[in-house]
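Residue numbers (our numbering): 19 to 667.
Here is the structure:
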């Protein structure tokens, strides 16, 4: 593997040392999601068009890197994701901007087209047939589908699951004519299905009407479905990953007797579970599959070879160290210390692969890897204007909360500075099932470039740390989850990292809620609080917006938010606004359907009534987060201006 070389990955920008333009942090990536065609003749990459409500799919000839075609849709339509169906044909999932919304939404439209743009055909999608579980507040509905199997041996057909109804329907679809043949209806609501090594769907995972997870299995194509497990939300679970090579057993995520899910082999004949690996702190975040042989692909079936765990920094655990492709990836990992290596696509003969290599300081680059010669050559960088030498480390941290619970998170520090820093607590949204990860974070890097330490905390209730940790946040949005943030701040102060007189809290969605709630709960701690598309009135959040509009969302809110009126008031920043001493900055999109714009109106009305000053920013056409880049640039400038005024250097 000596031929693997570090090719110009660090020489990516001519940006000057020091303060970097906010545009370099917030503008869209130039090219991304690059893949190689099945026979290696073409590359495909998504390309954003700044200033337009659309993107495109660029097809490049492999040998010359010259564009063969660029596939664009009409204004307001965009390429969500795409698949190679054959050497000359692709399928594209389409998204759309609805009404005045600037951010595009995924739809159930699936468009097949040849590389040269000919023979375009809609093979899935009818907006008029979407059902109530996926209807938005303004009655603009959308369906959803999932590609189950691309059927590499059958270039004319694919298998998809369509979610127009409560129970997904599975179809074989002709990618040239759009004709569909129904295979079955999944026994599990709002879930997914799993095919065995012969392409027969024999497992399903989803939900029931009580919002419990359910696992169904059948022993053959002709057998009836059997329930192999029902698991209340937040309880132990058996969730399929994939069938094993011989299709008699399954790889599953398992957490029946352990608080943190591990990886098991499930025997449906005996209902038995054999634990293969479990990390004591974190759940698996992704899985790696590879053929058992690179020399006999025709008789080689894909197998699970690895799983990734983000225990601070990512770690890949190998289940089969003899797998030939796995050996190649491990060699690449050794050649790029401090970087994360992943394969994004491969040719059918497995001789060439697109490799994506990234780090906490580097947004990442795409490389062509020859698995026979072990040569690596650079193709495109995701954000070529980024000067990685001016970016800072994303440091994993941990501390004990006041009740002894171990909390993890991440810290960015300004370049060349380590102590007594003005600090921003940057709170992730969700809150449940979501977490912060190690990697390149454009917003944290931007704030660090402006001189601020940035602390990100995976407070209780965050995802990825097991069932008990997830459940420990249920019904505690306004108290224990806020205390975790405060305990993290105290840790940073005790470590000498943060200046206790220069602290601000900032976040979006639940993070916006937490910013205002923490400022009310700990009024003397923060000098400023910034709420971005936040929830400020808990009672209205459970009745207004797109989350309570469908059964699963309403059930979720009933599980995680207290039902009694007094607690809801105690947990609502708008009801606790009189306690806030920090300077306030509120940002919202007028078309927000998730944390409805009504939250901004309620909060500002209460502040006006109390005579408390605040800075506000509202943008027409924006939803749950600013999509338009000019709005994003303006927000970035105003954000730093506000921080500089209240906790600046």
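Cβ atoms here follow ideal geometry from the backbone N, Cα and C, with glycine treated the same way.
TODO: Kindly identify the DSSP beta-bridge partner or partners of residue 65.
DONE: Translated into positions along the chain shown, residue 65 becomes position 47. Looking at the DSSP output, residue 65 shares a beta bridge with 49, 74.
TODO: Compare the beta carbon distance of residue 477 and residue 440 with 9 Å and say whether it is the shorter of the two.
DONE: Indexing the chain shown from 1 puts residue 477 at position 459. Indexing the chain shown from 1 puts residue 440 at position 422. Between residue 477 and residue 440, the C-beta spacing is not below 9 Å.
Task: Where the beta strand (DSSP E) through residue 409 begins and ends - done: In the chain shown, residue 409 corresponds to position 391, counting from 1. That residue, residue 409, is in no beta strand (DSSP E); it is neither H nor E in DSSP.
- [ ] Would you identify the three-state DSSP class for residue 305, choosing helix, strand or coil?
- [x] Residue 305 sits at position 287 when you count from the first residue of the chain shown. Correct three-state label for residue 305: strand.
- [ ] Taking only the alpha-carbon atoms, compute the straight-line gap between residue 633 and residue 602 and give it to the nearest angstrom.
- [x] For the purposes of this step, residue 633 is taken as the residue at position 615 of the chain shown. For the purposes of this step, residue 602 is taken as the residue at position 584 of the chain shown. The straight-line gap from Cα to Cα measures roughly 6 Å.
Open item on the list: Along the chain, where does the beta strand (DSSP E) containing residue 110 start, and where does it finish?
Closed with: For the purposes of this step, residue 110 is taken as the residue at position 92 of the chain shown. Counting along the chain, the beta strand (DSSP E) containing residue 110 begins and ends at 107 to 114.
Open item on the list: Going by DSSP in three states, residue 81 sits in which element: helix, strand or coil?
Closed with: On the chain shown, position 63 is the one that residue 81 refers to. Residue 81: coil per DSSP, three-state reduction.
TODO: Would you check if the distance between the CB atom of residue 577 and the CB atom of residue 252 is smaller than 9 Å?
DONE: In the chain shown, the residue the question calls residue 577 occupies position 559. In the chain shown, the residue the question calls residue 252 occupies position 234. Yes.
TODO: Work out the CA separation of residue 475 and residue 490 for me, nearest whole Å.
DONE: If you number the chain shown from 1, residue 490 lands on position 472. If you number the chain shown from 1, residue 475 lands on position 457. Cα-Cα distance, rounded: 15 Å.
Task: Meets three-Cβ-pair contact criterion under 8 Å: the segment 377 to 387 and the segment 398 to 409 - done: As far as the Cβ criterion goes, the segment 377 to 387 touches the segment 398 to 409, which means the pair count is three or higher.
Task: Local conformation of residue 467 per DSSP, three classes - done: For this step, residue 467 is matched to residue 449 along the chain shown. Note: residue 467 maps to helix in three-state DSSP.
Open item on the list: Out of 420, 55, 458, 444, which one is the CA nearest neighbour of residue 405?
Closed with: Working through the chain shown from its first residue, we reach residue 405 at position 387. Here the closest residue by C-alpha is 458.
Task: Start-to-end residues for the beta strand (DSSP E) that takes in residue 331 - done: Residue numbering aside, residue 331 sits at position 313 when the chain shown is read from its first letter. DSSP places residue 331 in the uninterrupted beta strand (DSSP E) bounded by 331 to 336.
Open item on the list: Tell me the residue span of the alpha helix (DSSP H) that contains residue 262.
Closed with: Locating residue 262 in the chain shown gives position 244, counting from the first residue. First-last for residue 262: undefined, no H or E at that position.
Open item on the list: Which residues does DSSP list as the beta-bridge partners of residue 369?
Closed with: Counting from one through the chain shown, the residue named residue 369 turns up at place 351. Residue 369 has no beta-bridge partner at all, per DSSP.
- [ ] Classify residue 612 as helix, strand or coil using the three-state DSSP reduction.
- [x] Sequence index remark: in the chain shown, residue 612 carries index 594 (1-based). Of the three classes helix, strand and coil, the one that applies to residue 612 here is coil, per DSSP.
Open item on the list: Give me, in chain order, the residues of the same chain whose beta-carbon lies closer than 8 Å to that of residue 425; leave out the 5 immediate sequence neighbours on both sides.
Closed with: Taking the first residue of the chain shown as 1, we reach residue 425 at position 407. Around residue 425, the same chain offers 416, 417, 418, 419, 475, 476, 477, 478, 502, 505, 506 as residues with beta carbons nearer than 8 Å, after the five sequence neighbours per side are excluded.
Open item on the list: Can you confirm whether the segment 635 to 650 touches the segment 602 to 618 when touching is taken to mean that 3 or more C-beta pairs between the two stretches lie within less than 8 Å?
Closed with: Contact between the segment 602 to 618 and the segment 635 to 650 is present, because at least three Cβ pairs lie under 8 Å.
Open item on the list: Are the CB atoms of residue 163 and residue 686 within a distance shorter than 9 Å?
Closed with: Absent from the model: residue 686. The displayed extent of the chain is 19 to 667, so no value can be given.
TODO: For residue 117, count neighbouring C-beta atoms within 10 Å of its own C-beta (all shown protein chains included) and say buried if the count is 16 or more, exposed if not.
DONE: If you number the chain shown from 1, residue 117 lands on position 99. Interpretation of residue 117 is limited by its pLDDT of 46, a score under 50 that renders its predicted location unreliable; the figure taken from the coordinates is listed afterwards. Exposed: under 16 other Cβ atoms inside 10 Å.
Task: Bridge partners - residue 245, DSSP secondary structure assignment - done: Within the chain shown, residue 245 is the residue found at index 227, counting from 1. DSSP lists 234 as partners of residue 245.
- [ ] Could you pull out every unbroken alpha helix (DSSP H) segment of at least 4 residues lying fully inside the segment 506 to 566, listed in chain order?
- [x] Runs found: 528 to 539, 556 to 559.
Task: Option nearest residue 211 by Cα separation, candidates 266, 185, 46, 520 - done: For this step, residue 211 is matched to residue 193 along the chain shown. Ranking 266, 185, 46, 520 by Cα distance to residue 211 puts 185 first.
TODO: Compare the C-alpha of residue 548 against each of 181, 525, 245, 574 and name the closest.
DONE: Numbered from 1 along the chain shown, position 530 holds the residue referred to as residue 548. Out of 181, 525, 245, 574, 525 has the C-alpha closest to the C-alpha of residue 548.
Open item on the list: Please report the distance separating the alpha-carbon of residue 663 from that of residue 442.
Closed with: Position 645 of the chain shown, counting from 1, holds the residue named residue 663. Position 424 of the chain shown, counting from 1, holds the residue named residue 442. So the two alpha carbons sit approximately 13 Å from each other.
Task: For residue 166 and residue 175, the rounded distance between their alpha carbons - done: Walking along the chain shown from the start, residue 175 turns up at place 157. Walking along the chain shown from the start, residue 166 turns up at place 148. A straight-line Cα-Cα distance of about 12 Å links residue 175 and residue 166.
Open item on the list: Suppose contacts are defined by Cβ-Cβ distances below 9 Å. Is residue 451 in contact with residue 528 by that definition?
Closed with: Taking the first residue of the chain shown as 1, we reach residue 451 at position 433. Taking the first residue of the chain shown as 1, we reach residue 528 at position 510. Their beta carbons are not under 9 Å apart, which means residue 451 does not touch residue 528 by this criterion.
Task: Contact the segment 540 to 547 vs the segment 462 to 469: 3+ CB pairs below 8 Å - done: No, because fewer than three Cβ pairs between the segment 540 to 547 and the segment 462 to 469 fall closer than 8 Å, the two stretches do not touch.
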